[in-house]
């Protein structure tokens, strides 16, 4: 499962110690996520994916003969932290690209990326605000699924699999959670579902008793849709349980972590369900990544937890520089989409990609997270979705995997 806050902070320190001071010719890539705040449960695992990618790149000769250095930065899981972190990475550290930021931070950096000609590649931001914002010339990309895609998945699974055509929603007032909720509502209603009530949670409150009463007055039947960050989500479900409500929840990705279970209590959240974008675990690229990750970190990666998406983002940035013959942000932006086009010859590793590029061939990098065939707006389709549920032991377990390879990118 994703690492805890303590592990995430340790991982950040470990990377800083690992990379050490950069030489003048080193190519620097920023890795910026919330090592603290709501993103912390995932940060360590994503960090590992980035480390593995950098190590493989350097083992294959680096980029254009230069060593690649990873520069970690904590954005505190906030938009303001993202702006501060990005400014430091570019103006002080001199990175060629920034990998990682989640929804709120990256939405605050759209102009910054273009103005500074620094590609920013998210590996976890679902916000629909990125659906048309990215691509060549805009310097914005993501290797994970959009909420527009996940909204279809949430809606269809609730109606087709859970047979639930009416629902009460609880939504925290944040960029990422509002995006997830909005795309769900559009698709749920399109497929015949009805939203009985939407209750909005203000971030950072210690008391949600009024909001809990609103939900109770709506007499929810079946699962309650909850789109909230870790702190707010935990407070809401614990306070509802303390008031005698044994509700069951359908949650968005923000709450799909073991930290959520531990903080809220397994008895309170058992039965909660979340669909996550997933890799096809029999695919050669996933198998190779999974084996290498387990060997390096002593634990297997979990498909759908953004480790693979982060690994792929670093590999793609390096391949783009190799293809462009330069290590600038402009070079990455000029070739990032090209090295993942299906018209090229398929490669499943950085080393294989570099070899074919040296032969003057076009390549199509198929990553650990999936095909990664970027649309012109910097989005990718997702090959599969897993339906996860918290069991009686408080563990997230897989119920089933659904093929979504035919779903279009945004």
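Numbering (mature numbering (1 follows the signal peptide of the UniProt record, and there is no 0)), first residue to last: -24 to -1, 1 to 386. All residues carry an ideal CB built from backbone N, CA and C; glycine is no exception.
Helix or strand or just coil, what does DSSP make of residue 48?
strand
Contact defined as beta carbons within less than 8 Å: I believe residue 299 pairs with residue 314. What is the distance between those atoms, to the nearest angstrom?
6 Å
Taking only three categories from DSSP, how would you classify residue 428?
Because residue 428 is not part of the residues shown, which for the chain are -24 to 386, the question remains open.
Taking all protein chains shown into account, decide if residue 206 is buried (16 or more other Cβ within 10 angstroms of its Cβ) or exposed.
buried
Taking all protein chains shown into account, do 16 or more other C-beta atoms lie within 10 angstroms of the C-beta of residue 189, making it buried, or fewer, making it exposed?
exposed
Any chance you could list the beta strand (DSSP E) runs of at least 3 consecutive residues sitting entirely within the segment 10 to 72, in chain order?
44 to 50
Do the CB positions of residue 282 and residue 28 come within less than 7 Å of each other?
no
Return helix, strand or coil for residue 153, following the three-state DSSP convention.
helix
Ordered along the chain, which non-local residues of its own chain (more than five positions away) have a Cβ less than 7 Å from that of residue 208?
148, 177 and 179
On a Cα-Cα basis, can you pick out the residue from 42, 25, 22 and 15 that is closest to residue 389?
The structure shown does not extend to residue 389, since the chain is modelled only from -24 through 386, so no value can be given for it.
Is DSSP giving residue 358 helix, strand or coil here?
In the structure shown, the three-state DSSP call for residue 358 is coil.
Is residue 155 near residue 123, with beta carbons less than 7 Å apart?
yes
Taking the straight line between their C-alpha atoms, what separation do you get for residue -4 and residue 68?
The pLDDT assigned to residue -4 is 47, lower than 50, so where the model puts this residue is not dependable; a value taken from the coordinates is nonetheless given after this. So the alpha carbons of these two residues sit roughly 13 Å apart.
Jot down the residue ranges of each uninterrupted alpha helix (DSSP H) in the segment 113 to 165, minimum 4 residues, whole runs only, in chain order.
123 to 132
Figure out for me which residue from 172, 204 and 210 has the closest Cα to the Cα of residue 192.
172
Looking at the unbroken beta strand (DSSP E) that takes in residue 377, where does it start and where does it end?
372 to 379
Could you have a look at residue 321 and say whether DSSP puts it in helix, strand or coil?
strand
Quick one: Cα of residue 377 to Cα of residue 355, how far?
22 Å
Can the beta-carbon of residue 410 be found closer than 7 Å to that of residue 366?
Given that the chain is displayed from residue -24 to residue 386, the structure contains no residue 410 and the question cannot be resolved.
Output the boundary residues of the alpha helix (DSSP H) element that contains residue 269.
260 to 273 is the extent of the alpha helix (DSSP H) around residue 269.
For the candidate residues 33, 232, 214 and 350, whose alpha-carbon lies nearest to that of residue 326?
33
State the DSSP-derived secondary structure class of residue 251, mapped to helix, strand or coil.
Here residue 251 sits in strand by DSSP.
Please state the DSSP three-state secondary structure of residue -10.
In this prediction, residue -10 scores a pLDDT of 43, lower than 50, which makes its location untrustworthy; the coordinate-derived value is nonetheless stated afterwards. Residue -10 falls in the helix class under three-state DSSP.
CA-CA distance, residue 262 and residue 185?
45 Å
Starting from residue 79, follow the alpha helix (DSSP H) in both directions and report where the run begins and ends.
79 to 83
What is the rounded straight-line gap between the Cα of residue 369 and the Cα of residue 146?
25 Å
Taking contact to mean at least 3 C-beta pairs separated by less than 8 Å, is the segment 226 to 236 in contact with the segment 348 to 363?
no
Going by beta-carbon coordinates alone, are residue 152 and residue 103 separated by less than 7 Å?
Cβ atoms of residue 152 and residue 103: closer than 7 Å.
Identify, in the order they occur along the chain, each residue of the same chain with its Cβ nearer than 6 Å to the Cβ of residue 371, setting aside the five sequence neighbours on each side.
Within the same chain, residue 371 has no close Cβ partners at all.
Within 10 Å of its beta-carbon, does residue 279 have 16 or more other beta-carbons around it, so buried, or fewer, so exposed?
buried
Is the segment 77 to 96 touching the segment 9 to 19, taking contact as three or more C-beta pairs under 8 Å?
yes
Taking the beta carbon of residue 118 as the centre, do at least 16 other beta carbons fall within 10 Å, making it buried, or is it exposed?
Buried, since its Cβ has 16 or more Cβ neighbours within 10 Å.
What is the DSSP secondary structure of residue 176, reduced to helix, strand or coil?
strand
Do residue 5 and residue 46 have their C-beta atoms closer together than 7 Å?
yes
Could you compute how far the alpha carbon of residue 204 sits from the alpha carbon of residue 88?
27 Å
Once the 5 residues before and after residue 333 are set aside, which same chain residues still bring their CB inside 7 Å of it?
298, 299 and 339
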